[in-house]
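S.K.: Sharing a structure below in structure tokens format, with a few things to ask.
Put into structure tokens, the structure is as follows:
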């Protein structure tokens, strides 16, 4: 054990032979998030089979996604890609009439070099529905990175506003602002009053709207979260007098936030590095590099960083964090001193490990598909600091892990908990290793102060289950149990 | 390009992986991009496997795209050879490798030199065959490989076993109730005095494949997988095979008769008639059930059957022949086997549907409005939507179709299970009767029953209220007639008055 733990953060890179979901799985949560969208996955039966099985019952609920299944004629270019896609998209328009069609490029479209980006604008003009192209394929990306490719593509579609050139008193600005209502930035108290007067808002809304927001530059958050969680994070920032001008993605495609020079952006998930790059380079936004709001420690650090960028002194954050920790005490007691091993498959690993270390756990290994040290810099710094504060050795971070080797290490280390994909969960359980399916962290609500308990609910579930089954003597259930 | 939401049979590589991972100590290496190893999740979750699924991927990434797999595949094979020491490594192509057109056979040949394991390349083309066809082909390929190998080393067992014996071919992982069927078939053969020679691929060892030839005959319980192997063994070694699926009382008897005939040709003359009679009348409850007054209530009820060729055909025959239920439509998604299917169900159903498009199946069910559906998980969901009960009889399946309890579909115990399934699927007879008398107890609003959304008709609240008073079994018909009347008369909103106007116009 001692040889695998070291004094500084170490980064390793293995073979990349690991199990994860294909990035096209992002359609499952994105089509639910963006209510007026339709996702068309241009790929083969293999992609379809994955979606169908991975998403289980969702398939039967008339989802707003479908496969454009490529047949032999498409591969050998006997059929015209453009005509074929047009036929399908016209059908989708007829049946569903979405505000946007998102084409998800797959491995096959990459290999046969189907020019989706080239075809989209032509077809868009022809059928009158925006077509966004995201290449979420298994050749380049893992699991949650699929969302990253979609959001990066969508960042180009956000309405533009160069804020460096307009001042607060500009009347044309206010008119535009009222059109896009709640996402438009610069809503100072003054502006609110004018807008309210213009539209004869009743007093109730007026009193609600006159929250003391600081007059800060507009802030747009990026990352797809359930609407209840976005509301919670909005409120959390509102307490500090910070107004969230919009989210990428928004609940509806037609409500995408305004971006441009002078807009500050901040990510809520660790796998959004392409989106961050696009926002900075192509949309001239300023990126706030913060740890991610996962766990009360992460949430506090996230808010503090945003405040510091706007020159605001955060109020009551420490008390709020402590309150949350107190409410977590029963769960923290359960996991304190226990060890955990992340096999790695969804890029949330560093943030989760950091939170679990703060809870008193010992992390042996953080497997992760891909590590963007720049985008995750603040998170990595917080991880290092947390380890120092808690006086535990720094875990090794293994990029592109090799599942076979990891299983050997798990056998050696015998962690109290392995956070792993479903391919390994049952076999590990049968060998007496408690596991938690990593995918659940992607679908559960884990952001902000409010949801910290949900993370621990997930993490402690196998431990609580084991407590209730204790004394039955059935921990190792394979015939040739290897220990 | 095809707009697809759902598919019945998976891609080819799934079939290959199912066969490979069913054998003991066989490892499959997929030539595939990251994320294509979803098979491991399915096996681990659906079958609740305790062991690591012996499938890994030789990852195709950007790098491979630019330079070709080169040493990577060979390295992955030799590495797995050292790590796990499998008897056989099956290199499995995917849709991706189908387009890349790398010379995988060359990699296999090179790796075979360095490895102690045998190495083969699964001979399946993603764009030509589906999961089931690929499984059939891979099984034959593996068997052929080891028979040829044994031939070369003169270790092939050509002498038949002393006592009559059989191979059971086609039991494999993620198959619909395959484990239970396997146990039931072993029991059946045991009762007949037939020894089990080999069961493949599930739990079989490739090193034992040279013993296949010792069997007197092969039993192929499912049409989809195993026929190619049986044909090969018949052609090469003259081993006869039985393909009648022993599902249902009549076909189980038929299967036993065929076995008797084969044994007779080998001078082992035994009459199983008494056994069949005993089992039919007293061990299986299905024959008695079909005479009991419970089953009387099912007479003439409409049912729809859909599934793979084996299960859909057998089920159609059981419903029509053994229970007196009217099968309005029987269908299969095994398009490649449609001739056989038509021939099997001819005379047992009103119409036949061959399609792998689930919306066609849904529309057919909505049109027919059967009292019960027997289909796959997809039909179960269609049934839920249309408020029609459904018994699941075939893959594709969910985790609930991997029951822990003993639930065979084949053999005499299978007939009991099927009788229960059928009986529980239809609304219980007396309950149904009472519903008709008292006009139903459901207060759910009927809005639209069909799957397609072409209707622009609106039901007014009083119309819906009136419709709900109509007994369930004719409600759909009344609704349809009313809507037809409304459409013909350009009426958009259906009120109570319109309903009665419609009734008067058709005189129904």
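Protein chains in written order, with UniProt numbering: chain D, 1 to 483; chain Y, 1 to 508. Note that beta-carbon positions come from the ideal geometry of N, C-alpha and C, so glycine has one too.
Can you say whether residue 156/D is buried or exposed, counting buried as having 16 or more other CB atoms within 10 angstroms of its CB?
M.R.: exposed
S.K.: At a CB distance below 8 Å, what residues from the segment 413 to 428 of chain D approach chain Y? Give them in sequence order.
M.R.: Listed by position, the residues of the segment 413 to 428 of chain D near chain Y (Cβ gap below 8 Å) are 421, 422, 423, 424, 425, 426, 427.
S.K.: Within 9 Å (strictly less), CB to CB, does residue 292/Y reach chain D?
M.R.: no
S.K.: If you draw a straight line from the alpha carbon of residue 420/Y to that of residue 426/Y, how long is it in whole angstroms?
M.R.: 10 Å
S.K.: Roughly how many whole angstroms lie between the Cα atoms of residue 126/Y and residue 364/Y?
M.R.: 30 Å
S.K.: Verify whether the separation of the beta carbon atoms of residue 18/D and residue 372/D is less than 9 Å.
M.R.: no
S.K.: Consider the Cβ of residue 280/D: report whether some Cβ of chain Y lies at a distance smaller than 9 Å.
M.R.: Cβ-Cβ to chain Y under 9 Å: no for residue 280/D.
S.K.: Quick one: does residue 75/D have its CB under 9 Å from some CB of chain Y?
M.R.: yes
S.K.: Residues of chain D with CB under 7 Å from residue 335/Y, in chain order?
M.R.: Near residue 335/Y there are no residues of chain D at all, since even the closest Cβ is about 14 Å away, more than 7 Å.
S.K.: Please state the DSSP three-state secondary structure of residue 159/D.
M.R.: coil
S.K.: For residue 293/D and chain Y, any beta-carbon pair shorter than 9 Å?
M.R.: no
S.K.: Looking at C-alpha atoms only, which residue of 108/Y, 415/Y, 39/Y, 85/Y is the closest neighbour of residue 71/Y?
M.R.: With distances taken between Cα atoms, residue 71/Y lies closest to 108/Y.
S.K.: Return the residue from the list 49/Y, 95/Y, 104/Y, 339/Y that minimises the CA-CA distance to residue 75/Y.
M.R.: Of 49/Y, 95/Y, 104/Y, 339/Y, the smallest CA-CA separation from residue 75/Y is found for 104/Y.
S.K.: Measure from the alpha carbon of residue 392/Y to the alpha carbon of each residue in 304/Y, 477/Y, 339/Y, 464/Y, then state which is nearest.
M.R.: 304/Y
S.K.: Straight-line CA distance for residue 463/Y to residue 469/D?
M.R.: The alpha-carbon atoms of residue 463/Y and residue 469/D are separated by roughly 56 Å.
S.K.: Can you give me the start and stop residues for the beta strand (DSSP E) that residue 65/D sits inside?
M.R.: It spans 65 to 69 - the beta strand (DSSP E) in which residue 65/D sits, taken as one unbroken run.
S.K.: What does residue 509/Y pair with, by DSSP beta-bridge criteria?
M.R.: Limits of chain Y in this structure are 1 at one end and 508 at the other, which puts residue 509/Y out of reach.
S.K.: To the nearest angstrom, how far is it from the Cα of residue 20/D to the Cα of residue 315/D?
M.R.: 41 Å
S.K.: Which residues in the same chain have their Cβ closer than 8 Å to the Cβ of residue 98/Y, if we skip the five residues on either side of it in sequence?
M.R.: Excluding residues up to 5 positions away in sequence, 125, 126, 127 lie with their Cβ nearer than 8 Å to the Cβ of residue 98/Y in the same chain.
S.K.: Would you be able to state if there are at least three C-beta pairs under 8 Å between the segment 89 to 96 of chain Y and the segment 22 to 33 of chain Y?
M.R.: Contact between the segment 22 to 33 of chain Y and the segment 89 to 96 of chain Y is present, because at least three Cβ pairs lie under 8 Å.
S.K.: Hey, how far is the Cα of residue 126/D from the Cα of residue 66/D?
M.R.: Distance from the CA atom of residue 126/D to the CA atom of residue 66/D, rounded to whole angstroms, is 21 Å.
S.K.: Return the first residue and the last residue of the beta strand (DSSP E) that residue 40/D is part of.
M.R.: 37 to 43
S.K.: Between residue 270/Y and residue 48/D, what straight-line distance do the alpha-carbon atoms span, to the nearest angstrom?
M.R.: 51 Å
S.K.: For residue 450/Y, which residues of its own chain have a beta-carbon under 6 Å away from its beta-carbon, when the five flanking residues on both sides are left out?
M.R.: The pLDDT assigned to residue 450/Y is 49, lower than 50, so where the model puts this residue is not dependable; a value taken from the coordinates is nonetheless given after this. If we look at residue 450/Y and ignore the five residues flanking it on each side, its Cβ neighbours are 366.
S.K.: Kindly indicate which three-state DSSP category residue 216/D falls into: helix, strand or coil?
M.R.: coil
S.K.: Name the one or two DSSP bridge partners that residue 365/D has.
M.R.: Beta-bridge pairing links residue 365/D to 341/D, 396/D.
S.K.: Quick check on residue 109/Y - is its C-beta less than 9 Å from some C-beta in chain D?
M.R.: No, residue 109/Y does not count as interfacial toward chain D.
S.K.: According to DSSP, simplified to helix, strand and coil, what is residue 189/D?
M.R.: Caution is warranted here: a pLDDT of 39 is assigned to residue 189/D, below 50, making its placement in the model unreliable, and the coordinate value is therefore given only provisionally. Helix.
S.K.: Label residue 399/Y either buried or exposed according to how many other C-beta atoms from any shown protein chain fall within 10 Å of its C-beta, with 16 as the threshold for buried.
M.R.: exposed
S.K.: So that I know if they touch, is there some Cβ in chain Y lying closer than 9 Å to that of residue 477/D?
M.R.: In terms of beta-carbon proximity, residue 477/D lines the interface with chain Y, with at least one pair separated by less than 9 Å.
S.K.: Evaluate residue 474/D with the Cβ neighbour count: other Cβ atoms within 10 Å of its Cβ, from every protein chain shown; 16 or more gives buried, anything less gives exposed.
M.R.: exposed
S.K.: Report the rounded CA-to-CA distance for residue 503/Y versus residue 461/Y, giving the unit in angstroms.
M.R.: 18 Å
S.K.: Please list, in chain order, the chain Y residues whose beta carbon lies closer than 8 Å to that of residue 54/D.
M.R.: 38, 41
S.K.: Under 8 Å Cβ-Cβ, which residues of chain D neighbour residue 44/Y?
M.R.: 422, 423, 424, 425, 426, 427
S.K.: Is residue 326/D closer than 9 Å to residue 341/D when the C-beta atoms are compared?
M.R.: no
S.K.: Does the Cβ-Cβ distance between residue 460/D and residue 335/D come in under 9 Å?
M.R.: Yes, these two residues count as a Cβ contact at 9 Å.
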